[in-house]
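See below for the structure under consideration.
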Amino acid sequence: MAGEDARRHWAERIRGFGTTIFAEMTELAVAHGAVNLGQGFPNFPCPDFLKEAARKAIYGDQNQYARSAGTPHLVKVLARELSQEFGRDLDPLSEITVTTGATEGLFIAAQAFLEPGDEAVLIEPFYDAYPADSALCGATCVHVPLRPAEDGKWVFDPAEMEQAFSEKTKVVFLNSPQNPTGKVFSRPELEQIAALCIRHDVIVVSDEVYDRMVFDGLEHVRLASLPGMWERTVTLGSAGKTFSVTGWKIGWAVASPTLSEALRKVHQWVPYAVTTPLQEAVACALEEAGPRDYYAQLQEMYQTKRDFLVKALKGSGFQPYVPEGTYFILADCSSWGFENDVELCRYLTVEVGVGAIPPSAFYSDGHKGLASTLVRFCFCKTDEILAQAAEKLEKAYRSRIGR
Ligand code: PMP
Ligand code: GLN
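Put into structure tokens, the structure is as follows:
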């Protein structure tokens with residue numbers, strides 16, 4: 023029953039899935055020895071205080087199943103850290119659920135709140151897990167595209183946003199700071215979305231994994247802190263981004279006791295519980311981050327890397343949209359003269375030696391055309407790697423335009 027034949031056993035709901043663009047482009051980058059500015063993961067080590075805390079937890083024999091919703095230490099530290107930002111006293115035991123990365127948070131939220139035939143509203147470009155998680159529930163997606171305004175900021179049309187909501191809408195996936203645009207949604211924008219969610223009685227999955235990467239003194243507004251939103255918002259966070267440990271897969275979901283109860287009904291059957299010693303290490307790291315001024319240093323480091331890559335891209339024929347947050351940059355690549363973004367990214371990876379992600383992966387079929395002249399680079403890389411990438415891009419661009 024090998025090969026093609028065995029495919030008849032595949033469930034209908036998985037048949038449409040290919041391989042994620044991140045796996046595909048990383049494989050291509052590795053195969054061609056390219057400098058990888060594609061998949062977003064730091065290529066530098068995580069802080070020593072995190073490694074030390076993990077070592078202590080493992081040698082301290084914290085190696086058995088954790089409490090299903092998260093170790094008491096980690097949920098307590100998260101509640102303490104986030105209460106002020108959420109404008110309420112978060113209850114560690116009933117309002118915080120530790121997940122296997124934000125990826126699990128997205129999956130269990132979709133499973134907990136979407137029924138077949140329901141609609142989910144997605145803002146395009148979207149993180150590619152949102153449509154997949156919706157499809158696994160039998161829900162359909164309605165898309166609201168962001169478009170670049172004259173000042174280079176990505177904005178949605180309020181009328182289009184309003185039209186996306188119907189009596190079928192059950193969930194909105196929101197991502198701020200947003201991958202891949204780097205957009206940080208402003209308070210008035212979030213208020214508009216919140217008003218629609220309240221009017222249509224919709225749950226919001228607010229993916230805030232890049233909450234510690236906000237630049238130029240901008241404010242990261244917690245959607246759940248807006249009036250009327252706490253009862254209908256699931257906020258997702260991830261230690262992978264904040265502490266440069268994407269391989270640890272420690273995330274969390276913050277939500278009211280009733281919404282958390284729904285998430286936990288699914289979570290208990292997916293991983294049951296999350297890696298004990300790494301939860302302990304993240305708890306210790308969160309405690310140490312403040313006194314060490316870690317967040318300010320992280321923000322400063324990424325802002326410097328952003329500025330370097332923006333300048334380098336401008337010097338290589340790209341027109342970057344300067345990101346307000348995250349560690350990604352979207353750039354217009356029209357002057358490189360390619361048919362579409364996938365072709366350009368293959369060329370950059372294979373011929374130029376710089377891996378990148380084609381942003382059409384973050385658009386629905388009907389809107390992929392909006393991405394045809396865009397490319398996504400990440401700047402969570404060492405200065406040496408960024409400099410190597412800049413040099414390769416500049417050289418390749420010069421030879422393309424014959425200078
Ligand atoms: N949401 C967004 C917007 C992301 O970019 C990522 C990156 N992987 C995730 C969720 C998943 O986070 P994690 O690695 O914690 O599963
Ligand atoms: N979030 C990462 C990115 O956007 C990739 C995560 C993954 O590979 N699934 O690059």
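Following the numbering used here, the numbering of the sequence shown begins with 23 at its first residue and continues without gaps. The C-beta atom is built at its ideal place from N, Cα and C for all residues, glycine as well. In this text, all values refer to a predicted model and were calculated from it rather than measured experimentally.
1. Using the Cβ count rule (16 or more neighbours within 10 Å means buried), how would you classify residue 292?
2. Are the segment 118-132 and the segment 85-99 in contact at 8 Å, needing three or more beta carbon pairs?
3. Restricting to runs no shorter than 4 residues, where is the alpha helix (DSSP H) found entirely within the segment 277-302?
4. Using a 10 Å radius around the Cβ and a threshold of 16 neighbouring Cβ atoms, would you call residue 324 buried or exposed?
5. Assign residue 421 to one of three DSSP states: helix, strand, or coil.
6. For residue 239, is the beta carbon positioned less than 7 Å from some heavy atom of the ligand FMN?
7. Between residue 250 and residue 223, what straight-line distance do the alpha-carbon atoms span, to the nearest angstrom?
8. Any idea which residues DSSP pairs residue 341 with across the strands?
9. Write down every uninterrupted run of the alpha helix (DSSP H) in the segment 175-221 whose length is 4 residues or greater and which is fully enclosed by it, in chain order.
10. Considering only the beta carbon of each residue, do residue 148 and residue 402 sit closer than 8 Å?
11. Are residue 308 and residue 99 touching if we call contact CB-CB under 8 Å?
12. What distance in whole Å lies between the Cβ atoms of residue 143 and residue 177, which are believed to be in contact at a cut-off of 8 Å?
13. Straight-line CA distance for residue 188 to residue 168?
14. From residue 386 to residue 146, what distance separates their C-alpha atoms?
15. Output needed for residue 365: all residues of its chain with C-beta closer than 6 Å, excluding positions within five of it in sequence on either side, in chain order.
16. Pick from 391, 377 and 86: whose alpha carbon is nearest that of residue 383?
17. Which one or two residues does DSSP pair with residue 88 in a beta bridge?
18. What beta strand (DSSP E) runs, 3 residues minimum, are completely inside the segment 250-275?
19. Ignoring anything shorter than 4 residues, give me the alpha helix (DSSP H) runs that lie fully in the segment 93-156, in order along the chain.
20. Between which two residues does the alpha helix (DSSP H) harbouring residue 330 extend?
21. So for residue 229, helix, strand or coil by DSSP?
22. Using a Cβ distance threshold of 8 Å, determine whether the segment 122-129 contacts the segment 246-265, with at least three qualifying pairs required.
23. With distances taken Cα to Cα, identify the nearest neighbour of residue 173 among 163, 410, 415 and 341.
24. Verify whether the separation of the beta carbon atoms of residue 14 and residue 108 is less than 8 Å.
25. Less than 7 Å between the CB of residue 201 and some heavy atom of the ligand GLN, yes or no?
26. The ligand GLN and residue 367: does the residue's C-beta get closer than 7 Å to at least one heavy atom of that ligand?
27. Please classify residue 269: is it buried, with 16 or more other beta-carbons within 10 angstroms of its beta-carbon, or exposed?
28. Quick check: is any heavy atom of the ligand PMP less than 7 Å from the C-beta of residue 58?
29. Please check the pair residue 150 and residue 80, which I expect to be a contact at CB under 8 Å, by giving their CB distance rounded to whole angstroms.
30. Grab me the residues of residue 298's own chain with a C-beta within less than 8 Å of its C-beta, minus the 5 sequence neighbours each way, in chain order.
31. Should residue 59 and residue 360 be called a contact, given that it needs their Cβ atoms to be closer than 8 Å?
32. In terms of DSSP beta bridges, what is residue 377 paired with?
33. Taking 8 Å as the cut-off, decide whether the C-beta atoms of residue 374 and residue 414 are in contact.
Concretely, from the data shown:
1. For this step, residue 292 is matched to residue 270 along the sequence shown. Per the 10 Å Cβ criterion, exposed.
2. yes
3. 279-289
4. Along the sequence shown, read from residue 1 onward, the residue named residue 324 stands at position 302. Flag for residue 324 reads buried.
5. In the sequence shown, residue 421 corresponds to position 399, counting from 1. Here residue 421 carries a helix assignment [DSSP, helix/strand/coil].
6. The ligand content of the structure shown is limited to the ligand PMP and the ligand GLN, which means the ligand FMN is not among them.
7. Within the sequence shown, the letter at position 228 stands for residue 250. Within the sequence shown, the letter at position 201 stands for residue 223. Rounded to whole angstroms, residue 250 and residue 223 show a C-alpha spacing of 11 Å.
8. Indexing the sequence shown from 1 puts residue 341 at position 319. According to DSSP, which records beta bridges pairwise, residue 341 is partnered with 354.
9. 180-186 and 209-221
10. As a working mapping, residue 148 is identified with position 126 in the sequence shown. As a working mapping, residue 402 is identified with position 380 in the sequence shown. The answer is no: Cβ separation not under 8 Å.
11. Your numbering for residue 308 matches position 286 in the sequence shown. Your numbering for residue 99 matches position 77 in the sequence shown. Contact: yes.
12. What you label residue 177 is simply residue 155 of the sequence shown in a count that begins at 1. What you label residue 143 is simply residue 121 of the sequence shown in a count that begins at 1. Not really, about 16 Å apart at Cβ, beyond 8 Å.
13. Taking the sequence shown and counting its residues from 1, one reaches residue 188 at position 166. Taking the sequence shown and counting its residues from 1, one reaches residue 168 at position 146. Roughly 20 Å separates the two Cα atoms.
14. Here the question's residue 386 lines up with position 364 in the sequence shown. Here the question's residue 146 lines up with position 124 in the sequence shown. Cα-Cα distance, rounded: 8 Å.
15. Position 343 of the sequence shown, counted from the first residue, corresponds to residue 365. Around residue 365: no qualifying Cβ.
16. The residue you call residue 383 lines up with position 361 of the sequence shown. Answer by Cα proximity: 391.
17. Indexing the sequence shown from 1 puts residue 88 at position 66. Looking at the DSSP assignment, residue 88 forms no beta bridge with any residue, so it has no partner.
18. 255-260
19. 94-108, 114-117 and 123-135
20. Your numbering for residue 330 matches position 308 in the sequence shown. Element bounds for residue 330: 316-336.
21. Indexing the sequence shown from 1 puts residue 229 at position 207. Note: residue 229 maps to strand in three-state DSSP.
22. yes
23. Stepping through the sequence shown from its first residue, residue 173 is reached at position 151. Among 163, 410, 415 and 341, the Cα nearest to that of residue 173 is on 341.
24. Absent from the structure is residue 14, since the part of the chain shown begins at 23 and ends at 425.
25. The count along the sequence shown starts at 1 and reaches residue 201 at position 179. Yes - the ligand GLN has a heavy atom lying nearer than 7 Å to the Cβ of residue 201.
26. Indexing the sequence shown from 1 puts residue 367 at position 345. Residue 367: no, Cβ never under 7 Å from the ligand GLN.
27. As a working note, residue 269 is residue 247 in the sequence shown. It is exposed - the Cβ of residue 269 has fewer than 16 other Cβ atoms within 10 Å.
28. Start at 1 with the first residue of the sequence shown, and residue 58 comes out as number 36. Because no heavy atom of the ligand PMP lies under 7 Å away, the Cβ of residue 58 does not count as near it: no.
29. Numbered from its first residue, the sequence shown carries residue 150 at position 128. Numbered from its first residue, the sequence shown carries residue 80 at position 58. So it is not a contact: roughly 33 Å between Cβ atoms.
30. Along the sequence shown, one-based indexing puts residue 298 at 276. Excluding positions up to five away in sequence, the list reads 79, 84, 85, 86, 87, 88 and 93.
31. Walking along the sequence shown from the start, residue 59 turns up at place 37. Walking along the sequence shown from the start, residue 360 turns up at place 338. Not closer than 8 Å, so no.
32. The count along the sequence shown starts at 1 and reaches residue 377 at position 355. Partner(s): 58.
33. Your numbering for residue 374 matches position 352 in the sequence shown. Your numbering for residue 414 matches position 392 in the sequence shown. Contact flag set, yes.
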